[in-house]
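K.L.:
To start, I am sharing the structure in question, which I have written as structure tokens.
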Amino acid sequence: MSQYLDFVDYQYKPKKDDFICLFRFEPKKGLPLNEAIGRVASESSNGTWTELTTLKEHIRKLRARAFEVKGEYVKIAYPLDLFELGSMPQVYSAVVGNIFGMKALENLRLEDITFPEKMVKSFYGPQFGVQGVRKFMKIPKRPMLATVPKPKVGMTTPEHAKVAYDAWTGGLDFLKDDENLTDQKFNRYAARAKLCAKMRDKAEKETGEKKDYFINITAETKEMVRRAKIAQDYDFRYVMVDIVTCGWAGLQTIREHCEDSKQAIHAHRAMHATFTRNPKHGLSMLALAKSARLVGVDNIHIGTAVGKLVSPRQEVLSLESEMEHHMVNPSEKQKVLQQKWFNIKPTLAVSSGGLHPGLIPYVIKMLGNDAVLQLGGGIHGHPHGTHAGAMASRQAIQATLAGETLDEAAKRTENKALRESIEHFGYERPI
Ligand code: CAP
Ligand code: MG
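With our numbering, letter number 306 in the sequence shown gets 1308, and the count goes up by one each step, no holes.
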């Protein structure tokens, strides 16, 4: 009998403290099912390709167990002692590691993870949560608006700051750096923070509204801390981190820093599609987002269903529910495991990617008011520029909340910017 079969136990009943994974698995042709799932459980816990003379009972007790198979999905339970509490890097090295390279599997995808209470409580979670962000932004109810200055990189600092001013005074709540704008010679981070702070103060005075900035601190970790301090020096409440390229270690360092500096974290997910897009192999966006909520991001991008980037509607809805609820019930259809979030605050959903005012009603209908809608090209592509694009976006939100169609609202003179936007973009769904 192959030692892998010791990691399969259909009688096993998971314990309250077990860490549970749901995998989609596809055995190599001819490999028996139990040999395949045994390999997944073995290689992600404490087995290997051969019997071990060093194995003792107290070590064997730590093994993971594949305990339920339904079709091409297997549930695997891991004793909590296999993990280092409070360390997302170690969790991923275990259950998002070697197993994805095993020859015995044609494909393997980690669909969802149930983090047990002891593990949930070993992480900070979001510092502010949806209500905390609404409180410091003084936006009690409506969906929030953000924009990325476009072209995404290349603008000088003054050009970037001018777009910021036009967007904030046009009605947007947040400016956001693009994922690949950090500290380039044409737009240095410190200079950008300083000038945008000046524009924010000016825009707040003119509009009477709070304005903030998801300023991108993505860099080597010590440098990220330095940049977070600069953002704080200019009274920005947020920092933005490209969480996949920075990695869990970098994100955990910044979350630790922000606990003291009281800064919120906007999580950009650039690079996620290298492993989330393929429905047969890789890691689901759901598992990634849950891990990010646990580490403690206040915002995270979850897609649009209608924009330019792949984000199926059902996935967006599952992500929103997982980010904002305290308790998520299992759904075999959606490949979602049960998750109790205990003391962890909700993470604010960000919908972005190919959005323009014509698509705002759809997104609000799908996500409700607790969301940040990010429009880059959809604002700076407005025929009358950024300020008009921002006004059009705000007018689209107001019309939608008032139960009006955009066509009806666009007829009113005060919604000229919206009318021009609808004439320009219509209701197209960009690809
Ligand atoms: C959107 C964006 C965001 C994407 C990220 C971009 O710009 O700035 O990075 O939304 O994708 O660079 O494409 P536009 P996601 O508004 O001009 O499309 O939100 O799916 O993580
Ligand atoms: Mg971007």
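Using N, Cα and C, we set each Cβ at its ideal position, and we do this for glycine too.
This one's a predicted model, so the numbers in the text were calculated from it and none came from an experiment.
Might you give, ordered along the chain, the residues of its own chain that have their beta carbon closer than 7 Å to the beta carbon of I1141, omitting 5 neighbours on each side?
P.N.:
Around I1141: D1175.
K.L.:
Is the distance from the Cβ of A1289 to the Cβ of I1078 below 9 Å?
P.N.:
It is not a contact, given that the beta carbons lie outside the stated cut-off.
K.L.:
Is it true that the stretch 1361-1379 meets the stretch 1306-1323, where meeting means three or more beta-carbon pairs spaced less than 8 Å apart?
P.N.:
The answer is yes - the stretch 1306-1323 touches the stretch 1361-1379, with three or more Cβ pairs under 8 Å.
K.L.:
For the beta strand (DSSP E) holding R1067, just list the boundary residues, first then last.
P.N.:
Where R1067 is concerned, the enclosing beta strand (DSSP E) stretches over 1067-1072.
K.L.:
Between the stretch 1227-1238 and the stretch 1150-1164, can you find at least three pairs of beta-carbon atoms closer than 8 Å?
P.N.:
In short, these stretches do not touch, since the Cβ pair count stays below three.
K.L.:
When DSSP builds the beta bridges, which residues end up paired with A1307?
P.N.:
A1307 pairs with nothing; no bridge assigned.
K.L.:
Please determine if the stretch 1126-1134 and the stretch 1253-1267 are in contact, where contact requires at least 3 C-beta pairs separated by less than 8 Å.
P.N.:
These segments touch.
K.L.:
When the Cα of D1083 is compared with those of I1022, D1300, G1298, which residue comes out closest?
P.N.:
If we check each option's Cα against that of D1083, I1022 comes out closest.
K.L.:
In the DSSP assignment, what are the bridge partners of C1023?
P.N.:
C1023 pairs with I1078, I1115.
K.L.:
Looking only at DSSP bridge pairs, what is Y1215 linked to?
P.N.:
DSSP, once it has assigned bridges, lists L1177 as partnering Y1215.
K.L.:
Tell me which residues share the same chain as H1328 and place their Cβ nearer than 7 Å to its Cβ, disregarding the 5 neighbours each side in the sequence.
P.N.:
Excluding positions up to five away in sequence, the list reads W1343.
K.L.:
How long is the line joining the alpha carbons of P1091 and E1070, rounded to whole angstroms?
P.N.:
The alpha-carbon atoms of P1091 and E1070 are separated by roughly 27 Å.
K.L.:
Taking a cut-off of 5 Å, which residues have a beta-carbon closer than that to any heavy atom of the ligand MG, in chain order?
P.N.:
That query returns the following residues: D1180, E1181.
K.L.:
Say whether the stretch 1250-1264 touches the stretch 1297-1310, bearing in mind that this needs 3 or more beta-carbon pairs closer than 8 Å, one atom from each stretch.
P.N.:
Flag = yes, the stretch 1250-1264 and the stretch 1297-1310 touch.
K.L.:
Taking Y1240 as part of the alpha helix (DSSP H), name the residues at either end of that continuous run.
P.N.:
No alpha helix (DSSP H) holds Y1240; the beta strand (DSSP E) holding it covers 1240-1244.
K.L.:
For N1189, which beta-bridge partners are listed by DSSP?
P.N.:
Its beta-bridge partners are Q1186.
K.L.:
Assuming contact is defined by CB atoms lying nearer than 9 Å, are A1066 and S1046 in contact in what I supplied?
P.N.:
Contact flag set, yes.
K.L.:
Count the CB pairs spanning the stretch 1347-1354 and the stretch 1384-1396 that are closer than 8 Å, and state whether there are at least three.
P.N.:
Flag = no, the stretch 1347-1354 and the stretch 1384-1396 do not touch.
K.L.:
Looking at the C-beta of E1211, does it have a partner C-beta in chain D at a distance below 9 Å?
P.N.:
The structure shown contains no chain D; it is built from a single protein chain.
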